[in-house]
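Structure, as structure tokens:
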């Protein structure tokens, strides 16, 4: 449970609203988020937050946009190496690591109903930016093999990789695999093996590869 955010009004009002909104979501769930409650908790008038957020959904959309921006940055990691396959594997580990290091942000991005994308284009641009990191990684992999697949093929492969990574995270978050009486080594190597299998399905040689960019 997150402690109450420490902040002040005035020039920092916008950031104060965002910080307190995250506390409310963490402690009580996104359904309890309201402009009125944010204002009450930071000690300003009920109308003050509207200087920066036209509605509760605008506040939530900015939180989600920032979550996607942080997610995209985590996927990018340090500068690429000269090994596209190893970089792709490292990015897969970065995906899983972000999900567990930032569970609230991950849940907001993928675990609930987002504000209407039509009304919040900046939020959805954040999602596209994150997806582009994965898409560009695949383009780099194909280019290293002297291939230039069309956009449709790249998008299909990127969606396959993304959905596979999300599945890995979902299993681990619910600890569903803990009920399957698995061999200890199989459970310990689950993430690495799953990522290598995704790579194999994409035609990437990940045999013997280990993550090397900001992973443990």
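Numbering (the working numbering), first residue to last: 867 to 1082. From the three backbone atoms N, C-alpha and C, an ideal C-beta is built for every residue, glycine too. This structure is a prediction, so every number in the text was calculated from the model and none was measured.
Inter-residue spacing [alpha-carbon to alpha-carbon] between residue 1049 and residue 977 = 30 Å
Top-ranked residue by Cα proximity to residue 899, from 981, 996, 950, 1032 | 981
In whole angstroms, what separates the C-alpha of residue 970 from that of residue 1030?
-> 20 Å
Residue 1070, DSSP secondary structure in three states = coil
CB-CB under 7 Å to residue 975, same chain, minus the five flanking residues each way: which ones, in chain order?
-> 930, 933, 934, 937
What number of angstroms, rounded off, separates the C-alpha of residue 1012 from the C-alpha of residue 952?
-> 17 Å
To the nearest angstrom, report how far apart residue 1045 and residue 957 are at their CA atoms.
-> 28 Å
Nearest candidate by alpha-carbon position, reference residue 880, set 917, 993, 927 = 917
Endpoints, alpha helix (DSSP H) assigned at residue 971 | 969-976
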